[in-house]
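The sequence shown begins at 91 in this note's numbering and counts up by one.
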Amino acid sequence: MVLVASDGLTAIEPPFGEVNYTLFFKPKSDALLGEFNAFLAAYRQSEAFEDHIARLEAFDGTDYDGPDIPLTGTGPVLRVAIDAEGFPRSFPDTDEDVPIGFDLEALKAFANERDYRLEFAVSNYEDIVFGLKAGIYDIGAGYLSDIFKNEVSAAGILLSDPLDSTSLYFFQKTQQNIRVAMEELE
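What follows is the structure, encoded as structure tokens:
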């Protein structure tokens, strides 16, 4: 569970839901989506994916410590839009030209295995959706999830199988936090 700025909060068990993080694919790209989902099914059985999940579960909200996955594809280009506010799922790397993040690990591995070249554009959620619908981008990444399935599906956008998921919890203030808040009111 990732909980940032949790001082004074406790999670109420059990979780009330789950968010499945996905990649979005432009309309009518069923073949590419099928190819990615087939790759993803095999990737989920790999040590790289086990490492991905372990790092995601240990993530403390501050530093992304993912692997450096150099892009080696020389074939067809896939235009990928990432969310500028997508840390840690996808974000521009300050040291490299290629974005990094949890959502991009499987995509980079897929592109390398299937010989695709990835070109990245940094955008925001709304522009990613509009760009996919208009065919400007082939794939969108970065905090994109099945929460938006109805809205984006209505626009013809396709969702990949889940990359990973996060449980959703309600939180409550701890007794200590409530006491401090009451003292501040006095």
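Heads up, the beta-carbon is just placed ideally off N, CA and C, and yes, glycines get one too.
- Item | CB contact flag (Gly-191, Gly-151, <8 Å) | no
- Message: Assuming contact is defined by CB atoms lying nearer than 8 Å, are Ile-247 and Phe-126 in contact in what I supplied?
- Response: no
- Proximity to Ala-171 [Cα-Cα], best of Lys-223, Ala-148, Glu-103 and Ser-255: Lys-223
- Return helix, strand or coil for Ala-278, following the three-state DSSP convention. Outside the displayed span of the chain (91 to 276) sits residue 278, for which this structure offers no information.
- Look at the Cβ atom of Val-167, then the Cβ atom of Glu-216, and state whether they are nearer than 8 Å. The criterion of a C-beta distance shorter than 8 Å is not satisfied by Val-167 and Glu-216.
- Thinking just about the alpha-carbon of each residue, which of Asp-187, Glu-195, Pro-105 and Phe-106 is nearest to the one in Leu-130? Glu-195
- Pair within 8 Å by beta-carbon distance, Tyr-227 and Lys-116: yes
- Message: Just to confirm the assignment, what range does the alpha helix (DSSP H) spanning Tyr-133 have?
- Response: Element bounds for Tyr-133: 120 to 133.
- Item | Simplified DSSP state of Tyr-111, which is helix, strand or coil | strand
- What residue from Asn-214, Ser-235 and Thr-164 has the CA that sits closest to Ala-201's CA? Thr-164
- Taking just the CA atoms, how far does Glu-140 sit from Arg-134? 8 Å
- Anyone know if the C-beta pair for Ile-229 and Leu-197 falls short of 8 Å? yes
- Sequence-distant residues of the same chain with beta carbon closer than 8 Å to Leu-258, five excluded per side: In chain order, Pro-105, Phe-106, Gly-107, Glu-108 and Val-109 place their CB closer than 8 Å to the CB of Leu-258, counting only its own chain and leaving out the 5 sequence neighbours on each side.
- Item | Opposing strand residues paired with Ile-190 [DSSP bridges] | Phe-181
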